[in-house]
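Residue numbers (the UniProt record's numbering): 1 to 398.
1) In chain order, what residues of the same chain have a beta carbon less than 6 Å from the beta carbon of residue 323, not counting five sequence neighbours either side?
2) Among 25, 312, 293, which residue has its Cα nearest to the Cα of residue 395?
3) Compute the Euclidean distance between the alpha carbons of residue 142 and residue 319, then round it to the nearest angstrom.
4) Give the DSSP-derived three-state secondary structure of residue 326 in the structure shown.
5) Beta carbon of residue 362, beta carbon of residue 264: below 7 Å?
6) In this structure, does DSSP put residue 93 in helix, strand or coil?
7) Taking residue 91 and residue 135 to be in contact with their CB atoms under 8 Å, please state how far apart those CB atoms are, rounded to whole angstroms.
8) How would you call residue 300, buried or exposed, if buried means at least 16 neighbouring beta carbons within 10 angstroms?
9) Quick one: what's residue 201 bridged to in DSSP?
10) Taking 8 Å as the limit between beta carbons, can you name the residues of its chain near residue 31, skipping five residues before and five after?
11) Using DSSP with H/G/I as helix, E/B as strand and the rest coil, what is residue 14?
12) Are there 16 or more other CB atoms within 10 angstroms of the CB of residue 58, so buried, or fewer, so exposed?
13) Give the DSSP-derived three-state secondary structure of residue 62 in the structure shown.
14) Rounded to whole angstroms, what is the Cα-Cα separation between residue 82 and residue 10?
15) Who are the Cβ neighbours of residue 382 in its own chain at under 7 Å, not counting the five residues just before and after it?
16) When you compare each of 218, 239, 209, 276 to residue 262 by their alpha carbons, which one comes out closest?
17) List, from N- to C-terminal side, the beta strand (DSSP E) runs of 3 residues or more that fit wholly inside the segment 340–396.
18) Excluding the five sequence neighbours on either side, which residues of its own chain have a C-beta within less than 7 Å of the C-beta of residue 109, listed in chain order?
19) Identify whether residue 160 lies in helix, strand or coil by the three-state DSSP scheme.
20) Would you mind giving the Cβ-Cβ distance between residue 178 and residue 228, rounded to the nearest angstrom? I have them listed as a contact below 8 Å.
21) Expressed to the nearest angstrom, what Euclidean distance is found between the alpha-carbon atoms of residue 272 and residue 290?
22) Tell me the rounded alpha-carbon separation between residue 158 and residue 344.
23) Provide the residue span of the alpha helix (DSSP H) that contains residue 175, from first to last.
24) Leaving out the 5 sequence neighbours to the left and right, which residues in its chain are closer than 6 Å to residue 332 when beta-carbon positions are compared?
25) Sort 221, 180, 174, 176 by Cα distance to residue 196 and report the nearest one.
26) Using CA coordinates, which residue listed in 218, 328, 148 is at the minimum distance from residue 253?
27) What are the partner residues of residue 38, as DSSP defines its beta bridges?
28) In angstroms with no decimal places, state the Cα-to-Cα distance between residue 21 and residue 54.
29) Please report how far the alpha carbon of residue 371 lies from the alpha carbon of residue 390, in whole angstroms.
30) Suppose the cutoff is 7 Å on Cβ atoms and the five residues either side in sequence are ignored; what does the same chain contact list for residue 219 look like?
31) Drop a sphere of 10 angstroms on the beta-carbon of residue 80, count the other beta-carbons inside from all chains shown, and report buried for 16 or more, exposed for fewer.
32) Can you tell me whether residue 160 is buried or exposed, with buried defined as 16 or more other CB within 10 angstroms of its CB?
33) With respect to the alpha helix (DSSP H) encompassing residue 210, which residues constitute its N-terminal and C-terminal limits?
34) Any chance the segment 344–354 sits against the segment 270–289, with 3 or more Cβ pairs inside 8 Å?
35) With C-beta atoms as the reference, is residue 164 less than 7 Å away from residue 122?
36) Throw me the rounded Cβ distance for the residue 39 and residue 77 pair, which I believe falls under 8 Å.
So this is what it looks like as structure tokens:
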């Protein structure tokens, strides 16, 4: 087992009524002014918006709203949020919504201490050294952004999407009430389920360690079983709660510590894909990229791990030889993605929001060029060493 240090750094307040019980007192520990960053539709549809503003107002806490956060949040949007919080002076940030909104809140928090452009932190011109206190309230079980050390931001002009990782980025507190995920539509629920699985699968397919593998397999099976229940009954509290907790356990990296050769393979590829093609929704893109990479990565050498995955997680026939079982495992994962109503090929996805044209190989060429220039895949589970390898993966994805 490799050496590691572990400190989650985020206090988690989890359960029914957690917002009404804890929000005001939690804010007051850090200050009496709030920048309320939120995702309009889910926060208002779930009733969370009213819960938050009532709690703040009734406790005499001053707040300013900042909403309209787009998927794959743009650095220019975050710059606008930084300007708003600077007008207030130092403030506590409440970020309520999905991963994009929460990452926006985190980036505003450390961006407050930078200059005019938060992108300076992402391109290496500045280092994250401190942050405003950030309180996160998730409305979606997916990225686990409410407890993670990463803040993912897109620069449309440069066609870059980067996750900035730093322990300072971790939110101070996550207030997690599963009832506020009841109104999440099926498509977003499905995308979240695949995102949960991807965070633990990326470390699962590295070095093999019995304890960490068992933890990862447990998280995956919980996401599958609870995901199916939530898709059938969106108001199944236990299913929604299990998905939220699985998303947090997955991103906390408890199934990755001690492993060697851990790499965020799928996210590296998907981030570049959605940086170039903004209409690619993260969870859907993750599912497609992971399927393609696993097909690419299946060799005689890697087959035993894929076979074990299939037999333990997907119930593949234990009598099958490794290569056959490995193929069956990937087929099971593909069937599950389809069962959730998500695409399994990029050619099924639109290249621009609001338009009908679908993604083609021509759209992928600049994505591959930028991956070759910026991503070192030589130490990945199945190495990706150049343009031909990336093209092979994307052809499997199309």
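Backbone N, C-alpha and C define an ideal beta-carbon position, used for all residues, glycine too.
According to the structure shown:
1) Apart from sequence neighbours up to five positions away, the residues of its chain that approach residue 323 with a beta-carbon distance below 6 Å are 303, ordered along the chain.
2) Comparing Cα-Cα distances from residue 395 to each of 25, 312, 293, the minimum goes to 293.
3) Our two residues, residue 142 and residue 319, have alpha carbons roughly 34 Å apart in a direct line.
4) Three-state DSSP puts residue 326 in a helix.
5) It is not a contact, given that the beta carbons lie outside the stated cut-off.
6) Residue 93 falls in the strand class under three-state DSSP.
7) Not confirmed; about 11 Å, so no contact.
8) Residue 300 counts as exposed, since fewer than 16 other beta carbons sit within 10 angstroms of its beta carbon.
9) Its beta-bridge partners do not exist; DSSP assigns none.
10) Answer for residue 31: 90, 91, 92, 133, listed in chain order.
11) Correct three-state label for residue 14: strand.
12) That one is exposed.
13) Looking at residue 62 - three-state DSSP - the assignment turns out to be strand.
14) Between residue 82 and residue 10, the C-alpha separation is close to 22 Å.
15) The residues are 296, 297, 299, 302.
16) If we check each option's Cα against that of residue 262, 209 comes out closest.
17) Counting only runs of 3 or more, we get nothing.
18) Closer than 7 Å at Cβ, skipping near neighbours: 93, 131, 132, 134.
19) Three-state result, residue 160: strand.
20) Rounded, the Cβ-Cβ distance is 16 Å, inconsistent with contact.
21) Residue 290 has its alpha-carbon roughly 14 Å from the corresponding atom of residue 272.
22) In this structure, the straight-line span from the alpha carbon of residue 158 to that of residue 344 is close to 28 Å.
23) Segment 173–176 is the beta strand (DSSP E) holding residue 175; no alpha helix (DSSP H) there.
24) 314, listed in sequence order.
25) Checking every option, the nearest Cα to that of residue 196 belongs to 221.
26) Per the Cα distances, 148.
27) DSSP links residue 38 through a beta bridge to 96.
28) Spanning the alpha carbons of residue 21 and residue 54 requires a straight line of approximately 12 Å.
29) Pairing residue 371 with residue 390, the inter-Cα distance amounts to about 8 Å.
30) 200, 246, 249, 250, 255, listed in sequence order.
31) Result: exposed.
32) By the 16-neighbour rule on beta-carbons within 10 angstroms, residue 160 is buried.
33) Run containing residue 210: 210–232, per the alpha helix (DSSP H) assignment.
34) At 8 Å Cβ cutoff, the stretches touch.
35) Cβ distance < 7 Å, so residue 164 and residue 122 count as in contact.
36) That pair is no contact at about 12 Å.
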